[in-house]
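S.K.:
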Amino acid sequence: MEEVETMFCMNCGTKLPDHAKFCFNCGAKVPDGLGDGEAASVAPEEQVPDTKTPVTEPQEESVPGSHFTILGKYEVELPHGTAVYNQLWAPFNREGTRLALLARHEIRKHLKEHTVENPVEFSAQVLAYCMSACGPLFEQAVDLLIDHDIDYVTKKDLWDRLDDSVKSTDLVQAMLADQAAIEDYEKDLAVEKMADKASWRGGGFGIMGAITGTIKASMMNTAQDALSSLGRSITGNSYSDRLENFIRDRSAKRNYPAMACDFISTVCRFDLFTEVHRLLVAECDLPEASFETDKADSRRKNLLERFANGKIEEEDVFKGLCSCLEITGNTLPVYKALLELEPSAARDVFQMAEAEGEELDLARSVWQTYMKDKKVGTVFHFPDWVPNFLSRPFYPVAGPAMLLALLIELRDLPQMFRRAESPHVDIALVAGTYWIPADAADVSFWGMNSEVVLELEAPEETDWNAHDIHFHLVHFTGAAEAWSEDIRKKKLQEAHAALEAGDKAHALPAFQLAAEMGSAEAAWQVGILQARDGQQDEAQWSAVEAAVLGKKDAAWVLYQYLKKKQNEQCAAYRRLAAKDAQELVAQGKFAEALDWYEKLVAEGDGTACFYIGQMAEQGQGMEEDKDKAMAWYEKAKSLDCEEAGPAIGALAFAQGQQWEERASAETGEQAMADWQQAWQSYQQALAEKHPGADEKIRTLGLQLGKAMEAQGESAKALAYYQAALAQGSQEALLEAARLCVDPQRETFDFQEAWHLYQKAAEDAETEADEEAVQAEWDSRKALVPLEERVACLTEAVADQMADAAYYYWGEKLSNPLENAMKSYGSQAGVDADEVVVLGDSTHSLFWGKGEEGFLITEDGQLISSLGTKISLDELGPVAYREEELVATISGAVLARFKGQSDEDPVFCGLLNEIVLLLHPRRGDTGQIL
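So, in structure tokens, the structure goes:
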């Protein structure tokens, strides 16, 4: 029987057709010898010895890098073609991004040292540098094609295929524009002898020849050679002054670093790979990648907008963004959206970005967001113990996304993020959980508070010391937690044994490692050994670390040292000395702890006062005494102890509850006295913003207010109501308003009453409640003397119409009142000193002010230039209609305004709300003059 070839891909297991050279599923090359006949042939009878057993072919496996999970529950499944595309694209993407960023950095650095005298020449040299820098990418492209049996394409062929891309870049277009402009300017100046100076020295064959010459030169030069040449080429030329100024002006407008970055990214990253991938798809039967980028982009924007408007939940956004990743050819904005939505997804998002070589681009974007946009400044603050007397530059990091971004940049762009003289960097971390990859190197991680937690990749399998990775003031989680605890114990024992044996050389590194795992004692011993070796700065840093970890002696030594130096930061270490002594309390060594605290109290430390207050409150080493505890807390607060306020609030609240219990069991004067004691305690708790104190003040304030009102103590009742309404009691608000609006009470204050009723109406939960408040106000203001209402109106006009142009009161009355009195006021028998408000209906600012309009007197008379004089109590509501002030009941026109103004309806509203009665009183004082 003739043998039949059956082959499967060694990478993904896909069944392959006869004589296949590459896997059509994942793109892997089939090893030489397979598919050529005998070496790959398998006899059918060898495959199926038992004809009753069906043949089971290998199940098709997904391409590596096609499946991802974010936060353990959100799935991303990339199509085969996309996964294969990403595998091939990743190295080009990653290296292209790195080269582009480095080019921008290096050229920017060169421009700080040199002046561009000829933009054409300089652009050509930048082009040479960029093309030389991209050499490795082109070599990689050729190698990739050869691996797929496309062995007829050279580096020059690839450059030739990218000729149009090169010519369309901003860099080359700038060369063309600059050369044309300079040549035209030379002709205008008739500077014939300088013509050669303005053209690129590539052989005098024009700009296109210059580009060709640059390409050929790039084949032979390294990037650094090109960069050195660039540095030499931009100095030393001389031109006429006018031409030189013209050239310098053109050069100043060029952003050469950005153009270089764009050239590498566009030509040597995207366009190069596009050409390579096109060849692979055409000649090697690789699956094509199909993207729906516009659709994904619109979906992403819709998801984020709907989430911002509260229309969908976060889970819906995550699912939607994951679906975007499955179809888009522009993943960066989706990655950024995921990280913005949930920073804890940083590890998963960066790992997915790494599969397509996008992690460096994502890292730069994240870093830009946090550092350049100042976002880190809103969440990162150095604690007060970071020594200002020692030098140590830190990279501040806020959140897991920012840390991974920085670690990637340190790895891929050391020229930009590490100092040449000291490549090791220190990273300061704020509270949060961070993942540290095993490939991190030359970094020290510093926790800036007690809530910095690290999760390490393969902690036991990784030699962190060999990678020069160090940890300071951090906690560990996951597999690293037990690992760190084990190291801490072992190294501390090892260090003490070495120290006892006099082997300081072995003791020091053991202590250092134990300190990194969180041992305060080890950090203290490190400082002592370093000081003996003359490493003073390092010894002080170790003392700082020991103090923060809980070594009170270290904190005390630093306090004394800085106190002598008159350094204000000594207070931070004095506070640490107090906090560190809490270990004594935890061990039950109360007398020793109290002695330590009293020593610190003598130094003026509020934290020590706070801890003594705790001991008094809990009866630790002394009798339990709440009053004594409160006294210590209050002293601690006076000494700026931040913890004291919450402690005062909590203790005061507890005391208030105790007074309430006592009051509930009593009656009469004793009960009232206890309720008032409870009130005082709750007020103290409220001042410290203790949870629940506001509710107690609302309830008890209303209760005590009603009790005082029943006893005829209106002023005391109002004080209770006001305290309760300050915490949002609507009922207390109305009770206070009723006390203020009643002219028979000592608490009468009509203006305050008006404000309270206004607020009650605004805060009403239903329309019916609002109408009820308004009705009560209308009825109660009718009981208030008219003179009081007019006085309130005058105050309201002054307050709410301060910038009014056509209404006058107080000192503003003088000139317009004189005109009004001559025109119509005197005829009504009104004295000028009785007028409190004047309305100028002519709306004239320069002449005729007050000749037409109306006056209001302090006793509530309205006198109009139209001939009306009436008591406001008899007028009833008014309305502003079509530039007229009209009495709504009678329809009488009180004033006509010449033109519209926003002031007139405002005044009309105040007059109705404060003075006029819904049901006017009957009288015979109204008359037509």
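Each number in the numbering used here corresponds to the 1-based position in the sequence shown with 378 added. Where a beta carbon is used, it is the ideal one built from N, C-alpha and C, also for glycine.
#1: Over the uninterrupted alpha helix (DSSP H) stretch that includes serine 1042, give me the two end residues.
#2: Measuring straight from C-alpha to C-alpha, what distance separates asparagine 1290 and lysine 1159?
#3: Which runs of the alpha helix (DSSP H) at least 4 residues long sit entirely within the region 1218-1295? Give them in chain order.
#4: Along the chain, where does the alpha helix (DSSP H) containing tryptophan 974 start, and where does it finish?
#5: What is the rounded straight-line gap between the Cα of valine 1256 and the Cα of arginine 1076?
#6: Which complete beta strand (DSSP E) runs does the region 1162-1210 hold, if anything under 3 residues is left out?
#7: Which class does valine 852 belong to by DSSP, given the choice of helix, strand or coil?
#8: Would you list the residues sitting across from threonine 447 in a DSSP beta bridge?
#9: With a threshold of 8 Å, are at least 3 pairs of Cβ atoms found where one atom belongs to the region 1182-1194 and the other to the region 1208-1215?
#10: Which residue marks the beginning of the alpha helix (DSSP H) containing threonine 475, and which one marks its end?
#11: Between the region 492-500 and the region 665-683, can you find at least three pairs of beta-carbon atoms closer than 8 Å?
#12: In terms of residue numbering, what span does the beta strand (DSSP E) encompassing leucine 834 cover?
#13: Can you give the Cα-Cα distance for glutamate 894 and alanine 1142, rounded to whole angstroms?
#14: Assuming tryptophan 763 is part of the alpha helix (DSSP H), what are its boundary residues?
#15: By the DSSP assignment, the alpha helix (DSSP H) with alanine 1051 in it spans what residues?
#16: Give me, in chain order, the residues of the same chain whose beta-carbon lies closer than 6 Å to that of leucine 336; leave out the 5 immediate sequence neighbours on both sides.
#17: Report the CB separation of leucine 891 from lysine 869 in whole angstroms; it is logged as a contact under 8 Å.
#18: Could you check what DSSP says for valine 1119 in three-state terms: helix, strand or coil?
#19: Can we count glutamine 1105 as close to the ligand FAD, meaning its CB is less than 8 Å from some heavy atom?
#20: What's the C-alpha gap between phenylalanine 772 and methionine 749?
#21: Enumerate in chain order the residues of its own chain whose CB-to-CB distance from cysteine 948 is below 7 Å, with the five nearest sequence positions on each side excluded.
#22: How big is the Cα-Cα spacing for alanine 1014 and glycine 991?
#23: What three-state label does DSSP hand serine 822 in the structure shown?
#24: Inspect the beta-carbon positions of cysteine 639 and arginine 482 and report whether they are closer than 9 Å.
#25: Around the C-beta of glutamine 437, are 16 or more other C-beta atoms found within 10 angstroms, so that it is buried, or is it exposed?
#26: Give me whichever residues DSSP pairs with tryptophan 813 in a beta bridge.
#27: Comparing C-alpha positions only, which one of Leu978, Pro774 and Ala667 sits nearest to glycine 755?
#28: By alpha-carbon positions, which one of Met1000, Thr1220 and Cys1170 ends up nearest to proline 1194?
#29: When burial is assigned at 16 or more other CB atoms within 10 Å of the CB, is threonine 447 buried or exposed?
#30: Give the straight-line distance between the Cα atoms of glutamine 871 and alanine 969, rounded to the nearest whole angstrom.
#31: Which residues share a DSSP beta bridge with leucine 807?
#32: State the CB to CB distance for the pair proline 1298 and glycine 1254, rounded to an integer number of angstroms; the pair is presumed to be in contact (CB under 8 Å).
#33: Please determine if the region 706-716 and the region 756-770 are in contact, where contact requires at least 3 C-beta pairs separated by less than 8 Å.
#34: Applying the 10 Å Cβ sphere with the 16-neighbour rule, what's the burial state of glycine 450?
#35: My understanding is that alanine 924 touches glycine 905, with C-beta atoms under 8 Å, so please give their C-beta distance in whole angstroms.
#36: Could you tell me the boundaries of the alpha helix (DSSP H) in which threonine 840 lies?
M.R.: So, to answer that:
#1: By 1-based counting over the sequence shown, the position of residue 1042 is 664. Its alpha helix (DSSP H) spans residues 1022-1042.
#2: On the sequence shown, residue 1290 is found 912 positions in, with the first residue counted as 1. On the sequence shown, residue 1159 is found 781 positions in, with the first residue counted as 1. Going from the Cα of asparagine 1290 to the Cα of lysine 1159 covers about 11 Å.
#3: The qualifying runs are 1250-1253 and 1281-1288.
#4: Counting from 1 along the sequence shown, the entry for residue 974 is found at position 596. Run containing tryptophan 974: 968-979, per the alpha helix (DSSP H) assignment.
#5: The residue labelled residue 1256 in the question sits at position 878 within the sequence shown. The residue labelled residue 1076 in the question sits at position 698 within the sequence shown. Whole-angstrom Cα-Cα distance: 39 Å.
#6: As summarised for the region 1162-1210, the continuous beta strand (DSSP E) elements at least 3 residues long and confined to that stretch are 1185-1187, given in chain order.
#7: Counting from 1 along the sequence shown, the entry for residue 852 is found at position 474. Per DSSP, reduced to three states, the secondary structure at valine 852 is coil, with no helix or strand assignment.
#8: Translated into positions along the sequence shown, residue 447 becomes position 69. DSSP output for threonine 447 lists Glu453 as bridge partner(s).
#9: Between the region 1182-1194 and the region 1208-1215 there are three or more C-beta pairs closer than 8 Å, enough to call the two in contact.
#10: For the purposes of this step, residue 475 is identified with residue 97 of the sequence shown, where counting begins at 1. Per DSSP, threonine 475 belongs to the alpha helix (DSSP H) from 458-489.
#11: Contact between the region 665-683 and the region 492-500 is absent, because fewer than three Cβ pairs lie under 8 Å.
#12: Residue mapping note: residue 834 aligns to position 456 of the sequence shown, counting from 1. Boundaries of the beta strand (DSSP E) harbouring leucine 834: 830-834, taken from the DSSP string.
#13: Your numbering for residue 894 matches position 516 in the sequence shown. Your numbering for residue 1142 matches position 764 in the sequence shown. Glutamate 894 and alanine 1142: Cα-Cα distance of roughly 60 Å.
#14: On the sequence shown, position 385 is the one that residue 763 refers to. Neither: tryptophan 763 is in no alpha helix (DSSP H) and is coded neither H nor E.
#15: Position 673 of the sequence shown, counted from the first residue, corresponds to residue 1051. Start and end: 1046-1065.
#16: Because the chain spans 379 through 1307 in this model, residue 336 falls outside it and cannot be assessed.
#17: Stepping through the sequence shown from its first residue, residue 891 is reached at position 513. Stepping through the sequence shown from its first residue, residue 869 is reached at position 491. With a Cβ gap of about 5 Å, leucine 891 and lysine 869 count as contacting.
#18: Start at 1 with the first residue of the sequence shown, and residue 1119 comes out as number 741. In the structure shown, valine 1119 adopts helical secondary structure according to DSSP, grouped into three states.
#19: You won't find the ligand FAD in this model; it holds no ligand whatsoever.
#20: Along the sequence shown, read from residue 1 onward, the residue named residue 772 stands at position 394. Along the sequence shown, read from residue 1 onward, the residue named residue 749 stands at position 371. Looking at the two C-alpha atoms, the distance is approximately 13 Å.
#21: Taking the sequence shown and counting its residues from 1, one reaches residue 948 at position 570. Answer for cysteine 948: Tyr937, Leu940 and Lys941, listed in chain order.
#22: The sequence position of residue 1014 within the sequence shown is 636, counting from 1. The sequence position of residue 991 within the sequence shown is 613, counting from 1. Spanning the alpha carbons of alanine 1014 and glycine 991 requires a straight line of approximately 9 Å.
#23: Position 444 of the sequence shown holds residue 822. Strand, per DSSP.
#24: Numbered from 1 along the sequence shown, position 261 holds the residue referred to as residue 639. Numbered from 1 along the sequence shown, position 104 holds the residue referred to as residue 482. A contact, by the Cβ cut-off of 9 Å.
#25: For the purposes of this step, residue 437 is taken as the residue at position 59 of the sequence shown. A caution first: glutamine 437 carries a pLDDT of 44, below 50, which makes its placement in the model unreliable, though a value can still be read off. Burial call: exposed.
#26: Residue numbering aside, residue 813 sits at position 435 when the sequence shown is read from its first letter. Partner(s): Glu833.
#27: The sequence position of residue 755 within the sequence shown is 377, counting from 1. Comparing Cα positions, the closest option is Pro774.
#28: Position 816 of the sequence shown holds residue 1194. Comparing Cα positions, the closest option is Thr1220.
#29: The residue you call residue 447 lines up with position 69 of the sequence shown. Exposed, since its Cβ has fewer than 16 Cβ neighbours within 10 Å.
#30: As a first step, residue 871 is located in the sequence shown; it is residue number 493 there, counting from the start. As a first step, residue 969 is located in the sequence shown; it is residue number 591 there, counting from the start. Here the C-alpha atom of glutamine 871 lies approximately 30 Å from the C-alpha atom of alanine 969.
#31: Along the sequence shown, read from residue 1 onward, the residue named residue 807 stands at position 429. Paired residues: Val775 and Gly825.
#32: What you label residue 1298 is simply residue 920 of the sequence shown in a count that begins at 1. What you label residue 1254 is simply residue 876 of the sequence shown in a count that begins at 1. Proline 1298 to glycine 1254, Cβ: 4 Å. Contact.
#33: Short answer: they don't touch.
#34: Working through the sequence shown from its first residue, we reach residue 450 at position 72. When all chains shown are included, glycine 450 counts as exposed.
#35: Within the sequence shown, numbered from 1, the residue matching residue 924 stands at position 546. Within the sequence shown, numbered from 1, the residue matching residue 905 stands at position 527. Rounded, the Cβ-Cβ distance is 6 Å, consistent with contact.
#36: Taking the sequence shown and counting its residues from 1, one reaches residue 840 at position 462. For threonine 840, there is no enclosing alpha helix (DSSP H), as DSSP gives it neither H nor E.
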